[in-house]
Amino acid sequence: MTANITGNTARDATAADGTRQTAGTRGTSVVLHDLSRAFGATKALDGLSIDMAPGELVALLGPSGCGKTTALRIVAGFEIADTGSVLVDGKDISSVPAAKRDMGMVFQSYSLFPNMTALDNVAFGLRMRKIGTGDRRKRANELLEMVGLAPQAKQYPHQLSGGQQQRVALARALAIEPRVLLLDEPLSALDAKVRLQLREQIRTLQQRLGTTTLFVTHDQEEALSMADRVGVMSHGKLEQIAAPDELYDKPATAFVAEFVGIMNRVPGELHSGGTVTALDKTVPVMNQDADVSPGPADVLVRPEGLTMAVIENGNGIVATRTFLGSVTRVGVLLSGDVTVQVDKPSTDAAALAPGTSVQVTLPPEPVLVAPRR
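Okay, structure coming up:
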C-alpha cells in the first residue's frame, strides 16, 4: 500500500513480504472487561470479558439473542454498558462517543449511500476527516482496487451486486485506517458462493493490514474458517473462547460441543470415579466438573470420533447413508431408538448398505458428558 494519506508517516510500516502497510497494520489491543447490559428484565450481557491481541480477528458466535451483537455495539459506542469497560491500547474508551473511537464498521445491510458512486462511498469517511480531494480519491481508488472493484468505481449501489456492495462497504470501513474493524454479520444476506468468496477476501485483507477485528456471526463455518479465536456465547455469557481447532476438538461445555459442528448424544452411565460407560465401553470423562451426577448421562461424541465395524448381531443397524465426498455419513440405529451419525471414508462405505448389522464403539480418549435428555 502507499503512504498514509493523513501524512502521519510514523504509522507506516513495511511487511516482511514487501507490501506497504499503514495505520492498523501493527494492530491495536482491545479488552472487553466484565461487560453487562440489560434491556428491562432481559440480560443481554452478563459479565463478558475478552482480551484481543493486536492484529487478532476474534469471532463472536452464538444463536440469536445470545448477546454477541450487543457486545459489538458497545465496542462501537452505539450502546452503553451498564457495568464494565472497553479498553483500546490500555485506554478506557467507554465514555468516548462512537464518532471519535476511530473504528470502522461493516453492517449486514451494506448501508451505502444510494446517490454516491462506489468511489464516493469509499471516500466518504475521508471527506468527513477533511482529507483533500486528490488524496482521498487516491486512497479510495487504492481500496477499491484492493477489493477487486476498480472497474466499478463510477457505478452506483443499485448497479452493483450484493457481494460487490458489501465489498464497497468493506473498502469504506478500511479507507479511514481504523484502529479496530467491526463486522456485524456482513455476509448473512449473500448467497453461499458469494459468502465463501467474500469471507476469504475479508480474511486475506485483515491479515495483510493487521487490523484488530471483531466479527459477529451466527454461522459456525464462517467463524471457524476466518477467526484466530472464536468466542461462543449463550445467554449473555462467554461459554468458551479458543482457536477454532481447539474449540472443535476440546469443547469446554455441552453447549459449545453441540453448537459447533455435529455432535452425537449416546446414552451412558456415569461413574463416581470419573469414567463413563456407553456402547459397551468405559472411558474417562473430559469434563469431570460438569453438573452431572453419577448415574444415567449422555456421552457427547462427534461422528468422526465413533468407530464402526460390520459384525453380526452388533449393537446397531445401518439406517441411512449420506455421501459427502471423501466422507460418507452413516446413520446407525442403536437400541432404544437412538440414532447416531458415524463418518467413514467413502471408499470404505460401500459395504454399509441400510440394514447392515454393525458394532459402534466409543473412542479410547476422554469424552464429554451431559445430563440425560
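Quick note: the sequence shown uses this note's numbering, first residue 368, plus one each step. The beta-carbon is built from N, C-alpha and C at its ideal position, and this holds for glycine as well. All values reported here derive from a predicted model rather than from experimental measurement.
Residue from the options with nearest C-alpha to residue i
i: E613; options: R596, D502, M483; result: R596
i: A716; options: L537, G577, V697; result: V697
i: A465; options: A490, Q475, L439; result: L439
i: S403; options: P430, A420, L427, V453; result: V453
i: R669; options: G530, F491, A624; result: A624
i: T687; options: L701, I678, N680, A420; result: L701
i: V535; options: Q568, K560, V666, L563; result: Q568
i: A645; options: D658, I629, N654, G662; result: G662
i: T695; options: K617, I684, E679, T714; result: T714
i: F622; options: A542, L637, G429; result: G429
i: F445; options: C433, D456, K467; result: K467
i: R442; options: L399, Q573, E671; result: As written in the sequence, residue 442 is Val, which differs from the Arg given in the question. The option with the nearest alpha carbon to V442 is L399.
i: T578; options: Q519, T584, I608, R546; result: R546
i: L691; options: P712, E509, Q519; result: P712
i: T571; options: A609, K617, G515; result: G515
i: R740; options: G457, K521, V659, V643; result: V659
i: D449; options: D456, K458, S462, G529; result: S462
i: G681; options: A718, V727, E509, T642; result: V727
i: S396; options: A408, M600, D456; result: D456
i: R332; options: D487, Q519, Q522, P518; result: The question about residue 332 has no answer here: the residues shown for the chain are numbered 368 through 740.
i: G683; options: A676, V699, E671; result: V699
i: V583; options: Q574, R575, M600, Q573; result: M600
i: E588; options: T620, L576, A559; result: A559
i: Q573; options: D469, I447, M513; result: M513
i: R575; options: M675, G432, L637, L510; result: L510
i: A664; options: H638, E671, M675; result: H638
Buried or exposed (CB count within 10 angstroms, at least 16 for buried), residue i
i: I460; result: buried
i: M495; result: exposed
i: G499; result: exposed
i: A540; result: buried
i: T524; result: The sequence given here has Pro at residue 524, not Thr. That one is buried.
i: E580; result: For clarity, residue 580 is Thr in the given sequence; the question names Glu instead. Buried.
i: L493; result: buried
i: E679; result: exposed
i: Q526; result: exposed
i: G391; result: Any reading at G391 is ruled out, since the residue's pLDDT is 38, under 50, leaving its predicted position unreliable.
i: P618; result: buried
i: N482; result: exposed
i: H689; result: A quick correction: the sequence has Thr, not His, at residue 689. Looking at its Cβ environment, which holds fewer than 16 other Cβ atoms inside 10 Å, T689 is exposed.
i: V725; result: buried
i: V643; result: buried
i: F406; result: exposed
i: G722; result: exposed
i: G422; result: buried
i: N654; result: buried
i: G394; result: buried
i: A408; result: exposed
i: Q388; result: In this predicted model, Q388 has a pLDDT of only 38, less than 50, meaning its place in the structure is not dependable; the value taken from the coordinates is given anyway. Q388 is buried by the Cβ-count criterion.
i: L608; result: Note on residue identity: the sequence assigns Ile, not Leu, to residue 608. The residue in question, I608, is buried, as its Cβ has 16 or more Cβ neighbours within 10 Å.
Contact check, residue i vs residue j, beta carbons under 8 Å
i: R359; j: L554; result: Lying outside 368 to 740, the shown extent of the chain, residue 359 is not represented and no answer is given.
i: T436; j: D551; result: yes
i: A490; j: R504; result: yes
i: V473; j: L537; result: yes
i: L667; j: V709; result: no
i: A590; j: A426; result: yes
i: V807; j: A720; result: Outside the displayed span of the chain (368 to 740) sits residue 807, for which this structure offers no information.
i: I543; j: G640; result: no
i: A594; j: L479; result: no
i: G530; j: Q564; result: yes
i: I417; j: G598; result: yes
i: D401; j: G451; result: yes
i: Y615; j: Q533; result: no
i: A610; j: V677; result: no
Below-8 Å beta-carbon distance, residue i vs any chain D residue
i: Q526; result: In the displayed structure, chain D is absent; only one protein chain is listed.
Q: Output the residue ranges of the beta strand (DSSP E) runs that lie fully inside the segment 656–723 and measure 3 residues or longer, sorted by chain position.
A: Runs of the beta strand (DSSP E) inside the segment 656–723: 662–668, 674–677, 683–690, 694–701, 705–712.
Q: Indicate whether the contact test is met: 3 or more Cβ pairs, each with one atom in the segment 622–640 and one in the segment 698–711, closer than 8 Å.
A: Touching, per the Cβ criterion.
Q) Enumerated in chain order, which unbroken segments of the alpha helix (DSSP H) with a length of 4 residues or greater are wholly contained in the segment 505–573? A) The alpha helix (DSSP H) runs lying completely inside the segment 505–573 and spanning 4 residues or more are 529–542, given in chain order.
Q | Stretch pair the segment 721–739 + the segment 643–650: three plus CB contacts closer than 8 Å | A | Cβ pair count under 8 Å is three or more, so yes.
Q.
Quick test of the definition: if touching needs 3 or more C-beta pairs under 8 Å, does the segment 601–619 touch the segment 409–428?
A. By the criterion of at least three beta-carbon pairs nearer than 8 Å, the segment 601–619 is in contact with the segment 409–428.
**Q.** Ranges of the beta strand (DSSP E) found wholly within the segment 381–458, counting only runs of at least 3
**A.** If one requires a minimum length of 3 residues, the beta strand (DSSP E) runs lying completely within the segment 381–458 are 397–406, 409–419, 424–428, 450–455, in chain order.
**Q.** Every unbroken alpha helix (DSSP H) inside the segment 612–640 [4 residues or more]
**A.** Fully enclosed alpha helix (DSSP H) runs of 4 or longer: 621–626.
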